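Its first residue numbered 56, the sequence shown is counted upward by one per residue in my numbering.
Note that the Cβ used here is the ideal one computed from N, Cα and C, for glycine as well.
Just so it is clear, the structure is predicted and the values come from calculations on it, not from any experiment.
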Amino acid sequence: MATAPSAAQVAALVALVKQLFATSFIGFTIATTLYGISVLQAYLYYRNYPADHWGLKITVGLLWVLDTLCTIFVAHSLYTYFVLNFGKNPTVDLIIPWSFTSEKFLVTLITFVAQCFYARTIWKISNSLILSLFVGILAVVTFALGIVTTVHLYVSVAHVCFLLELINPASFQTPLATSISARSFQILSGLVQGLAAFNDVVITVCLCAWLYRQKKGTTGRAMGQTFGTEKILDTLILYAVSRGVLTAVTQFMFLTLNLALPHATYWMPFHQAVGKLYVNSVYATLNVRHSFSEPAEPVNSKLSFMNGVDSTATGTASGTGAETSNLTGSGTMGSAPQRRLKPLLFSAGSGTGTDSLDIEHTDTQPGEKDAAAGV
Numbered sequence: 056m057a058t059a060p061s062a063a064q065v066a067a068l069v070a071l072v073k074q075l076f077a078t079s080f081i082g083f084t085i086a087t088t089l090y091g092i093s094v095l096q097a098y099l100y101y102r103n104y105p106a107d108h109w110g111l112k113i114t115v116g117l118l119w120v121l122d123t124l125c126t127i128f129v130a131h132s133l134y135t136y137f138v139l140n141f142g143k144n145p146t147v148d149l150i151i152p153w154s155f156t157s158e159k160f161l162v163t164l165i166t167f168v169a170q171c172f173y174a175r176t177i178w179k180i181s182n183s184l185i186l187s188l189f190v191g192i193l194a195v196v197t198f199a200l201g202i203v204t205t206v207h208l209y210v211s212v213a214h215v216c217f218l219l220e221l222i223n224p225a226s227f228q229t230p231l232a233t234s235i236s237a238r239s240f241q242i243l244s245g246l247v248q249g250l251a252a253f254n255d256v257v258i259t260v261c262l263c264a265w266l267y268r269q270k271k272g273t274t275g276r277a278m279g280q281t282f283g284t285e286k287i288l289d290t291l292i293l294y295a296v297s298r299g300v301l302t303a304v305t306q307f308m309f310l311t312l313n314l315a316l317p318h319a320t321y322w323m324p325f326h327q328a329v330g331k332l333y334v335n336s337v338y339a340t341l342n343v344r345h346s347f348s349e350p351a352e353p354v355n356s357k358l359s360f361m362n363g364v365d366s367t368a369t370g371t372a373s374g375t376g377a378e379t380s381n382l383t384g385s386g387t388m389g390s391a392p393q394r395r396l397k398p399l400l401f402s403a404g405s406g407t408g409t410d411s412l413d414i415e416h417t418d419t420q421p422g423e424k425d426a427a428a429g430v
């Protein structure tokens, strides 16, 4: 006959459950806020860029579906803890709901899709197959380890070869909260977060280095031609750094708390937020083009790190005479700095599918631009 747990054991169990509830609730609050932002960004993307390549539209839709499922699964987990298990023995709360493990896998999938998006971006803007392959391989390895980590919650590991456990029915188990603090799970989970954070740093360094080279290439040109371009590049560098810092720091905090406090759940808010940060970073990368199409600056541009259809950047600057500089995917490209800047601007509207940058300097007023274009 099993002995009843002591008062100290019951108190420790209740404290663990309370901590799980608190961190899950805080994480869910942050996650739902980020989810609302991603829904708005997805809507703005489909409204502002209806002519984008179908591949981009599918990527945006896929990320939205995955993000929505993550939110639903986390809500189901909280419903299980707060409603279905209410009034039951606290040991019931140690059983991890299926929705939690499913959400963990979906976060891994979102990370994979987002990092593949940036791997393709690096390839398109720099034509560096080595860098893009390096980022892509890291994304694939992270995704594979993420799958293994999720499966590990359902399979106890007793052999060196993990795959041997999958053919042994006796090795399957009910995922418990204590399984998360197991040493083997900590190692696998740490590798996933560490590789993801490292890949985010690599992506950020690649994007910033390329943008900085383009900025250096604009020196020596006329002030009227470089002012808008340098301002755009400064903005994009700041955005690339912010994007990388957010995702990398979140992954690093997830990793640190998971390893330093394996028996606590302080990592939960970072886990619930990281997938939504990846989704919002991809959406913001695509939607940033619209902010450069406003007529407030001397040079205005529609910018993106992705391609698929034609993109143009048009601006006005008052002065004497008329001066026009057009950088297109065909014909004469102009100076070397202009040629280096061309791959930055990919697809924002309908067109032939070529990458282009058009920067116009004219003495016409913004209201006269359409009439001047028709001449």
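| request: Grab the span of the alpha helix (DSSP H) containing residue 163 for me, first residue to last. | output: 153-181
| With a CB to CB cut of under 6 Å and the five nearest residues on each side skipped, what residues in its chain are close to residue 336? | 298
| said: Suppose the cutoff is 8 Å on Cβ atoms and the five residues either side in sequence are ignored; what does the same chain contact list for residue 178 look like? | reply: 184, 186 and 187
| task | Could you tell me which of 193, 266, 252 and 261 sits nearest to residue 304, measuring between CA atoms? | result | 252
| request: Please report the residue range of the alpha helix (DSSP H) in which residue 131 lies. | output: 109-134
| query | Which value, in whole angstroms, describes the spacing of the CA atoms of residue 269 and residue 300? | reply | 22 Å
| message | For residue 159 and residue 88, I'd like the C-alpha separation in whole angstroms. | response | 19 Å
| field | residue 70 versus residue 137: straight-line alpha-carbon distance, rounded | value | 15 Å
| query | If you draw a straight line from the alpha carbon of residue 288 to that of residue 84, how long is it in whole angstroms? | reply | 35 Å
| task | Over the uninterrupted alpha helix (DSSP H) stretch that includes residue 197, give me the two end residues. | result | 184-207
| message | Give me, in chain order, the residues of the same chain whose beta-carbon lies closer than 8 Å to that of residue 444; leave out the 5 immediate sequence neighbours on both sides. | response | Given that the chain is displayed from residue 56 to residue 430, the structure contains no residue 444 and the question cannot be resolved.
| request: Report the rounded CA-to-CA distance for residue 140 versus residue 74, giving the unit in angstroms. | output: 16 Å
| message | Here's the rule I'm using: 16 or more other beta-carbon atoms within 10 Å means buried, otherwise exposed. How should residue 239 be labelled? | response | exposed
| field | residue 170 to residue 72 span [Cα, whole Å] | value | 34 Å
| Close-in-space but distant-in-sequence residues of the same chain around residue 194 (CB under 8 Å, 5 per side omitted) | 166, 167, 170, 171, 174 and 254
| Roughly how many angstroms separate the alpha carbons of residue 197 and residue 163, rounded to a whole number? | 8 Å
| task | With distances taken Cα to Cα, identify the nearest neighbour of residue 116 among 343, 338 and 344. | result | 338
| field | Identified DSSP bridge partners for residue 85 | value | Its beta-bridge partners do not exist; DSSP assigns none.
| field | Span separating the alpha-carbon of residue 306 from that of residue 329 | value | 7 Å
| Considering only C-alpha positions, which residue in the set 266, 237 and 340 is nearest to residue 317? | 237
| field | Inter-residue CB distance, residue 86 and residue 327 (contact presumed, cutoff 8 Å) | value | 4 Å
| request: Give me the Cα-Cα distance between residue 76 and residue 152, rounded to the nearest whole angstrom. | output: 13 Å
| query | Got a sec? Which residues, its chain only, sit under 6 Å from residue 130 by beta carbon, not counting five neighbours each side? | reply | none
| query | Does the Cβ of residue 192 have 16 or more other Cβ atoms within 10 Å, making it buried, or fewer, making it exposed? | reply | exposed
| Rounded straight-line distance, which links the Cα of residue 266 to that of residue 293 | 10 Å
| request: Look at the alpha carbon of residue 331 and the alpha carbon of residue 315, and state the distance between them as a whole number of angstroms. | output: 24 Å
| Can you name, in chain order, every residue of its own chain whose Cβ lies under 6 Å from the Cβ of residue 81, other than the five neighbours on each side? | 324
| Paired residues, beta bridge with residue 242 - DSSP | According to DSSP, residue 242 bridges with nothing at all.
| said: Measuring straight from C-alpha to C-alpha, what distance separates residue 377 and residue 250? | reply: Residue confidence for residue 377 is low, a pLDDT of 40 falling below 50, so the modelled location carries little weight; the figure read from the coordinates is stated next. About 52 Å.
| query | Would you report the Cα separation of residue 134 and residue 155, rounded to the nearest angstrom? | reply | 11 Å
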